[in-house]
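K.L.:
Counting from 1, one number per residue, gives the positions in the sequence shown under the UniProt record's numbering.
This is the structure, below, for whatever I ask next.
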Amino acid sequence: KFTKKKMSPPADPGTIGYAPGMSYHMSGRLYFACHETDGFTIDQIERNPNFFFFSSGVPEEYVPFCADFGPSDIVDVLRFCREIRDTLNDPRLEGRRVVFYTQAEAIVVTNSTFLICCYLMLEENHTPEQAIGRFERIRGLPIRPYRDAAFHEPTFALSILSCLRGLQRAISLGWIPPATFDVEAYESLVGQPTHDMTKVSPKFVMMATPTNSPNGVFQPVPRRPADYIPRLRGLGVTNVVRLIGGGLYDDKEFTDAGFNHHPLETPDHTGEMPLEAVRRFLDIADSAGEGVVAVHCKTGLGRTGTLVACYMVKNQGFTAAE
């Protein structure tokens, strides 16, 4: 009697094993590599005069809140794509293979993978699946899923592919025209001493809470409603939704300025959003008509992003992962 030996499935013939230092073809003259030391990079430059090795600081510039590490925001995506494009188009490098190299650490490899995929989509018309496929064929490449802004064990793993599909959908809706996106206007709103907001879609502005008092070392200068109001008007905002408890500013400052103000207090750090709050928020957004809705919790991220995402799923066809 013979026992049939259980065999492992054959490897995909299109796959390649991962090894630090190896250069992997991405598209055209563009290659990708992970280097463990500066000495190795110098050695590769000396040994391969027909290759041009270059790197970027963008994959390492994400500023975490907790244990999160990415993905990069749209400005960094466009900046990275420009760096790759300008390098490939440099007449001094005509005919040479161009190797983008990054550190071999998983977090940096993950962010570099995401950014190169964005380049392949925005500059070379790859689909999200085609772009990530260039990396999925590299067996053992140290890529991590993205996670929430917390220190606990994540309960949901966000894939690079889902990020790419979300980007593709936003571009298809005309929200992000890569060739004409106004980087200066975007950066003038984000993380400023007197205000912090982002217009994430034609319908919504997400913002950190206005406050009439400083907030310790993290916000030594108060971001007053009076600082927000002219900027919100300029963005076409007609409604403001407050998701945190009152007391940081007077709601009347917004109503006196002509905005519809909606207190919609929701719990923080619970991992879920009450269904009634979702329903009411969607009603507020739908009732705003052509007006833009500004939404804030404390930082303008978790609760704010969750409710805005619910509207995007309901009205714009996004999947939850996108």
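Built from N, CA and C at the ideal position, the CB exists for glycine as well.
Where do the N-terminal and C-terminal ends of the alpha helix (DSSP H) with Q316 fall, by residue?
P.N.:
As a first step, residue 316 must be located in the sequence shown, where it is residue number 316. Looking at the DSSP string, the run of the alpha helix (DSSP H) that includes Q316 is G302 to Q316.
K.L.:
Mind reading off the beta-carbon distance from T180 to L189? Whole number of angstroms is fine, and I expect it under 8 Å.
P.N.:
Here the question's residue 180 lines up with position 180 in the sequence shown. Here the question's residue 189 lines up with position 189 in the sequence shown. At roughly 17 Å, the Cβ-Cβ gap does not stay under 8 Å, so T180 and L189 are not in contact.
K.L.:
A321 and L158 look like a contact to me (Cβ under 8 Å); what is the Cβ gap, rounded to whole Å?
P.N.:
Start at 1 with the first residue of the sequence shown, and residue 321 comes out as number 321. Start at 1 with the first residue of the sequence shown, and residue 158 comes out as number 158. Confirmed, Cβ separation roughly 7 Å.
K.L.:
Per DSSP, A321 is paired with what?
P.N.:
Locating residue 321 in the sequence shown gives position 321, where the first residue counts as 1. Beta-bridge pairing links A321 to no other residue.
K.L.:
Can R242 and H262 be called in contact, C-beta distance under 9 Å?
P.N.:
On the sequence shown, position 242 is the one that residue 242 refers to. On the sequence shown, position 262 is the one that residue 262 refers to. Closer than 9 Å, so yes.
K.L.:
Check this for me: beta carbons of P214 and V221, under 9 Å apart or not?
P.N.:
In the sequence shown, the residue the question calls residue 214 occupies position 214. In the sequence shown, the residue the question calls residue 221 occupies position 221. Contact: yes.
K.L.:
Less than 9 Å between the beta carbons of R79 and V58, yes or no?
P.N.:
Residue mapping note: residue 79 aligns to position 79 of the sequence shown, counting from 1. Residue mapping note: residue 58 aligns to position 58 of the sequence shown, counting from 1. In contact: R79 and V58 (Cβ atoms closer than 9 Å).
K.L.:
Check the DSSP bridge columns for A294 and list the partner residues they point to.
P.N.:
Within the sequence shown, numbered from 1, the residue matching residue 294 stands at position 294. According to DSSP, which records beta bridges pairwise, A294 is partnered with V205 and V240.
K.L.:
Between which two residues does the alpha helix (DSSP H) harbouring residue 388 extend?
P.N.:
Nothing can be reported for residue 388, as the shown portion of the chain is limited to 1 through 322.
K.L.:
Between the C-alpha atoms of I132 and L120, what's the straight-line distance to the nearest angstrom?
P.N.:
Residue mapping note: residue 132 aligns to position 132 of the sequence shown, counting from 1. Residue mapping note: residue 120 aligns to position 120 of the sequence shown, counting from 1. If I take the Cα positions, the gap works out to 9 Å.
K.L.:
Return the bridge partner residues of T102 from the DSSP annotation.
P.N.:
Within the sequence shown, numbered from 1, the residue matching residue 102 stands at position 102. Looking at the DSSP assignment, T102 forms a beta bridge with C34.
K.L.:
Looking at R139 and T15, is the spacing between their C-beta atoms short of 9 Å?
P.N.:
Within the sequence shown, the letter at position 15 stands for residue 15. Within the sequence shown, the letter at position 139 stands for residue 139. Cβ distance < 9 Å, so T15 and R139 count as in contact.
K.L.:
Count the C-beta pairs between the segment 59-66 and the segment 33-45 that are closer than 8 Å, then say yes if the count reaches three, no if not.
P.N.:
no
K.L.:
In the DSSP output, what is T198 paired with across the bridge?
P.N.:
Numbered from 1 along the sequence shown, position 198 holds the residue referred to as residue 198. Bridge partners of T198: M206.
K.L.:
Buried or exposed for R22, please, with buried defined as at least 16 other CB atoms from any protein chain shown within 10 angstroms of its CB.
P.N.:
Numbered from 1 along the sequence shown, position 22 holds the residue referred to as residue 22. Sequence check: residue 22 is Met here, not Arg. Result: exposed.
K.L.:
Could you check whether the segment 26-34 touches the segment 68-79, counting it as contact only if at least three pairs of C-beta atoms, one from each stretch, sit closer than 8 Å?
P.N.:
no
K.L.:
Helix, strand or coil: how does DSSP classify D12 here?
P.N.:
Counted from its first residue, the sequence shown places residue 12 at position 12. Because the pLDDT of D12 is 47, which lies under 50, any placement of that residue in the model is unreliable, and the number read from its coordinates should be weighed accordingly. In the structure shown, D12 sits in coil (DSSP, three-state: anything other than H, G, I, E or B).
K.L.:
To the nearest angstrom, report how far apart N264 and A208 are at their CA atoms.
P.N.:
Position 264 of the sequence shown, counting from 1, holds the residue named residue 264. Position 208 of the sequence shown, counting from 1, holds the residue named residue 208. The question names Asn, yet the displayed sequence has Leu at residue 264. So the two alpha carbons sit approximately 15 Å from each other.
K.L.:
Could you tell me if R303 is buried or exposed, where buried requires 16 or more neighbouring beta carbons within 10 angstroms of its beta carbon?
P.N.:
Working through the sequence shown from its first residue, we reach residue 303 at position 303. Buried is the call here.
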